[in-house]
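In terms of UniProt numbering, the sequence shown opens at residue 236 and continues consecutively.
Reviewing the structure listed below.
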Amino acid sequence: SASAASLVTSGAGRTQDGHPVGLLANIAGPADGVAALEADAEGVGLFRTEFAFLDRSTAPTFDEQKALYTAVLTQFAGKKVVARTLDAGADKPLPFLPLGAEENPALGVRGLRTRVRFPELLGNQLKALAAAGAESNADLWVMAPMVATFDEAAEFTVLARGYGIRTCGAMIEVPSAALRAGDILSEADFVSIGTNDLTQYTLAADRMLGAVAPLLDPWQPALLDLVALTVNASDGKPVGVCGEAAADPLLALVFAGLGVTSLSMAPRAIAGVRTALLGVTFAQCQQVAEAARKARSAREARSAVRDLVPAAL
Ligand code: PEP
Ligand code: MG
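Written out as structure tokens, the structure is:
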């Protein structure tokens, strides 16, 4: 693109006029951690802990988990690391978690829901995360995937705090959670919006199914409305976005304008989003967010935003 030559490759995320927007990395383990640090990420916004165990036929032990978490937390000493508890099921089947055949896996036992059948797995993971956190200087935050209700968020935060996790949160990736984000944030310390699943469930379009891919567009105004609802219910608590949508520089400006406090993405996308933020003021972010939400389609939203931002972006 026209701005490629002037990509800003370091520094905390902020708009031209200094409004901060945290630039964090999505990682699956220490190798991605290296890439995140090279991209000068301010920390990790989504540590997908299940990725290290995708090919395992037996559950990872406490010691194996503690070693992995310690390796990542040590890389990010002095920085924030948001670890997500195992997100098994649907698009991320784990061989050691036999969930059985389901007609609709995306609507089935996945994410936090697996705790009912495998309670010791979640307990063991929280214990390993807490132990790794206690041995490192990173700022460990822990969140649960696929939270749908206040009760689930409350149960998770009580459980995690019981194991010594200090900062506990929930992913907002189910429409019911976005609609009731205020309730969830009355118990959780933070939330992080997973736009991949939130788009899937809002549009009722399977993220694994190519035939419905055109519906899976995070520029859909309905998705932006749910992001806005979440932020407006947050009462100053952190609201991140950690789905792939955060890696789109123009959409990142929309999220910033809606009041999202951090954006987490693949390390290679960070410089582009950092550069886009520096190219506009916070007032411009708010203006593009308003324009995007006024649109009636993803296409209209995208072109309205493109018309409002400097051509180089
Ligand atoms: C999401 O759903 O947006 C997300 C970040 O999690 P995953 O893609 O791992 O489901
Ligand atoms: Mg998800």
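Note that beta-carbon positions come from the ideal geometry of N, C-alpha and C, so glycine has one too.
Contact test: residue i Cβ vs the ligand PEP heavy atom, cutoff 7 Å
{"i": "ARG537", "result": "no"}
{"i": "GLU408", "result": "yes"}
{"i": "ARG345", "result": "no"}
{"i": "PHE329", "result": "Note on identity: in this sequence residue 329 is Leu, with Phe being the wrong assignment. Result no, Cβ not under 7 Å from the ligand PEP."}
{"i": "LEU281", "result": "yes"}
Residue i CB to nearest heavy atom of the ligand MG below 7 Å
{"i": "ASP322", "result": "yes"}
{"i": "PRO380", "result": "yes"}
{"i": "ASP432", "result": "yes"}
{"i": "GLU479", "result": "no"}
{"i": "GLY445", "result": "no"}
{"i": "GLY358", "result": "no"}
{"i": "GLY429", "result": "yes"}
Proximity to residue i [Cα-Cα], best of the options
{"i": "GLN310", "options": "ALA506, GLU273 and TYR398", "result": "GLU273"}
{"i": "ALA365", "options": "LEU356, PRO354 and VAL377", "result": "VAL377"}
{"i": "ALA405", "options": "THR392, ARG396, ALA287 and TYR398", "result": "THR392"}
{"i": "GLU479", "options": "GLY257, LEU281, ILE400 and ALA270", "result": "LEU281"}
{"i": "VAL307", "options": "ASP322, ALA287 and ALA323", "result": "ALA287"}
{"i": "PHE331", "options": "LEU357, THR320, LEU342 and ARG291", "result": "ARG291"}
{"i": "residue 593", "options": "PRO354, GLY264 and HIS254", "result": "Beyond the ends of the chain as shown, which are 236 and 548, falls residue 593; an answer cannot be given."}
{"i": "THR384", "options": "LEU329, ASP418, LEU375 and GLY248", "result": "ASP418"}
{"i": "PRO340", "options": "MET443, THR510, LEU548 and GLY257", "result": "MET443"}
{"i": "residue 209", "options": "VAL474, ARG531 and GLY335", "result": "Outside the shown range of the chain (236 to 548) lies residue 209, about which nothing can therefore be said."}
{"i": "ALA388", "options": "ALA373, SER427, ALA481 and ASP374", "result": "SER427"}
{"i": "LEU303", "options": "SER371, LEU347, LEU433 and ASP275", "result": "SER371"}
{"i": "ALA416", "options": "ALA463, ASN431, GLY343 and SER538", "result": "ALA463"}
{"i": "GLY278", "options": "GLY335, LEU357, TYR398 and VAL317", "result": "VAL317"}
{"i": "LEU242", "options": "ALA506, ALA536, ALA527 and PHE517", "result": "ALA506"}
{"i": "PRO433", "options": "ALA446, GLY445, THR465 and THR402", "result": "Here the sequence assigns Leu to residue 433, which means Pro is not the residue at that position. The residue with the shortest Cα to Cα distance from LEU433 is THR465."}
{"i": "ALA312", "options": "LEU356, LEU420, ALA367 and GLN300", "result": "ALA367"}
{"i": "ARG249", "options": "ALA524, ARG531, PRO545 and THR516", "result": "THR516"}
Assigned exposure category for residue i - 16 Cβ within 10 Å defines buried
{"i": "ASN261", "result": "buried"}
{"i": "ALA369", "result": "exposed"}
{"i": "SER236", "result": "Any reading at SER236 is ruled out, since the residue's pLDDT is 47, under 50, leaving its predicted position unreliable."}
{"i": "GLU423", "result": "Before going further, note that residue 423 is Ala rather than Glu in the sequence given. The residue is buried, with at least 16 neighbouring Cβ atoms inside 10 Å."}
{"i": "PRO410", "result": "buried"}
{"i": "LYS529", "result": "exposed"}
{"i": "THR437", "result": "buried"}
{"i": "GLY514", "result": "buried"}
{"i": "VAL508", "result": "buried"}
{"i": "residue 195", "result": "Residue 195 is absent from the structure shown; the chain starts at 236 and stops at 548."}
{"i": "GLN547", "result": "Correcting the residue identity first, residue 547 is Ala in this sequence and not Gln. When all chains shown are included, ALA547 counts as exposed."}
{"i": "ARG352", "result": "exposed"}
Segments of 3+ residues assigned as beta strand (DSSP E) that fall wholly inside the region 307 to 387: Secondary structure remark: continuous beta strand (DSSP E) runs of at least 3 residues inside the region 307 to 387, in chain order: 315 to 319 and 374 to 379.
Minimum length 4: unbroken alpha helix (DSSP H) runs contained in the region 427 to 455: Counting only runs that start and end inside the region 427 to 455, the alpha helix (DSSP H) elements of at least 4 residues fall at 430 to 438.
Ordered list of alpha helix (DSSP H) runs contained in the region 509 to 541, each at least 4 residues: Complete alpha helix (DSSP H) runs here, min 4: 517 to 529.
Sequence ranges, alpha helix (DSSP H) only - wholly within the region 244 to 286, length at least 4: Fully enclosed alpha helix (DSSP H) runs of 4 or longer: 265 to 273.
Any beta strand (DSSP E) of 3 or more consecutive residues that is wholly inside the region 387 to 429: The qualifying runs are 402 to 407 and 425 to 428.
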